[in-house]
DNA sequence: AGGATAGGCAAGTGTTCACTTGCCTATCAA
DNA sequence: TTGATAGGCAAGTGAACACTTGCCTATCCT
């Protein structure tokens with residue numbers, strides 16, 4: 001369950017892909033490839049990026065929509081919230097209440 | 001930099017250790033070992049747990065303090081906040097303000 | 001139809017990683 | 001001092017993983 005999420009975040013290339021999708025939503029596979037190459041100096045094959053996107057999609061971090069022969073990718077940050085919810089910090093509760101107990 | 005943090009979170013055993021430290025702070029290595037064995041049915045050697053704790057400490061997720069021959073481990077959730085800060089959600093800003101814009 | 005664009009499937013390879021085994025050091029109690 | 005407890009260091013092994021290479025399918029344009 002949570003395994004795929006953390007495994008997906010474990011790779012630095014995948015995190016860079018999330019950065020790119022956060023900056024520009026709805027990119028295609030080739031668009032991500034060229035931006036990884038030009039902006040991040042990542043010499044990586046198209047298939048490698050495709051596999052990374054599959055992992056990110058399995059983790060729920062990326063959602064896709066097809067239009068013809070193009071496949072657009074969108075970032076979904078919702079699964080990230082489960083991380084801070086699992087180990088909540090006393091100062092920052094995951095269910096914030098408008099109440100002050102520790103001044 | 002962030003690599004050690006995400007690599008540390010990638011392993012399910014390490015996440016279970018964080019769960020245990022979140023429940024009971026200041027546990028020793030042997031205490032963690034026995035709780036992993038009895039409460040989580042994890043048949044794992046003491047050295048394996050020690051290596052996991054070293055990874056978690058390198059990521060800043062676990063802080064240690066020595067007293068004689070005992071070493072106590074404490075959870076530090078501060079590095080986890082960098083995750084949600086890296087990919088902020090429009091609905092949940094990382095700097096929450098007491099204001100309602102989307103009812 | 002035919003080429004070009006956008007993407008998918010599958011096997012092979014090298015590296016990283018989790019875990020074990022074996023031995024060693026340091027502190028505490030008798 | 002001797003034995004027991006708490007932990008550390010280092011090499012070795014097997015499996016998971018990132019990446020490549022090669023080929024195949026589907027859509028769009030002329």
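Chains as they are written, first to last, in full-length UniProt numbering: chain Y, 1 to 103; chain V, 1 to 103. We treat Cβ as the ideally placed atom computed from N, Cα and C, and that holds for glycine.
Check your understanding: How would you label residue 30 of chain Y, buried or exposed, when you count the other beta carbons within 10 angstroms and need 16 or more for buried?
Key -> Here the question's residue 30 of chain Y lines up with position 30 in the first chain. Residue 30 of chain Y should be labelled exposed.
Practice item. Note down, in chain order, each residue of its chain lying with its Cβ closer than 8 Å to the Cβ of residue 82 of chain V, except the 5 sequence neighbours on either side. Key: Reading the second chain from its first residue, position 82 is the one you call residue 82 of chain V. So the qualifying residues of the chain are 2 and 5.
Check your understanding: With respect to the beta strand (DSSP E) encompassing residue 69 of chain Y, which residues constitute its N-terminal and C-terminal limits?
Key -> Residue 69 of chain Y sits at position 69 when you count from the first residue of the first chain. First-last for residue 69 of chain Y: undefined, no H or E at that position.
Check your understanding: Using the C-alpha atoms, what's the distance from residue 20 of chain V back to residue 37 of chain V?
Key -> The count along the second chain starts at 1 and reaches residue 37 of chain V at position 37. The count along the second chain starts at 1 and reaches residue 20 of chain V at position 20. Distance between residue 37 of chain V and residue 20 of chain V, taken at the CA atoms: about 12 Å.
Check your understanding: Counting only runs that start and end within the UniProt domain "HTH arsR-type" (1-95) of chain Y, where is the beta strand (DSSP E) found for 3 or more residues in a row?
Key -> Qualifying beta strand (DSSP E) stretches, in chain order: 62-67 and 70-75.
Check your understanding: Can the beta-carbon of residue 84 of chain Y be found less than 8 Å from the beta-carbon of residue 84 of chain V?
Key -> Along the first chain, read from residue 1 onward, the residue named residue 84 of chain Y stands at position 84. Along the second chain, read from residue 1 onward, the residue named residue 84 of chain V stands at position 84. A contact, by the Cβ cut-off of 8 Å.
Review point. Expressed to the nearest angstrom, what Euclidean distance is found between the alpha-carbon atoms of residue 79 of chain V and residue 68 of chain Y?
Key: As a working note, residue 79 of chain V is residue 79 in the second chain. As a working note, residue 68 of chain Y is residue 68 in the first chain. Spanning the two alpha carbons is a distance of roughly 42 Å.
Practice item. Could you round the C-beta distance between residue 14 of chain Y and residue 52 of chain Y to whole angstroms and report it? I think they count as a contact, below 8 Å. Key: Residue numbering aside, residue 14 of chain Y sits at position 14 when the first chain is read from its first letter. Residue numbering aside, residue 52 of chain Y sits at position 52 when the first chain is read from its first letter. That belief holds up - the Cβ atoms of residue 14 of chain Y and residue 52 of chain Y are roughly 5 Å apart, short of 8 Å.
Exercise for review: Find the nearest neighbour of residue 89 of chain Y within the set V:61, V:12 and V:71, judged by alpha-carbon distance.
Suggested key: What you label residue 89 of chain Y is simply residue 89 of the first chain in a count that begins at 1. Among V:61, V:12 and V:71, the Cα nearest to that of residue 89 of chain Y is on V:61.
Exercise for review: Under 9 Å between beta-carbons, which chain V residues line up against residue 84 of chain Y? List them in chain order, please.
Suggested key: Translated into the one-based positions of the first chain, residue 84 of chain Y becomes position 84. By Cβ distance, chain V contributes 77, 80, 81, 83 and 84.
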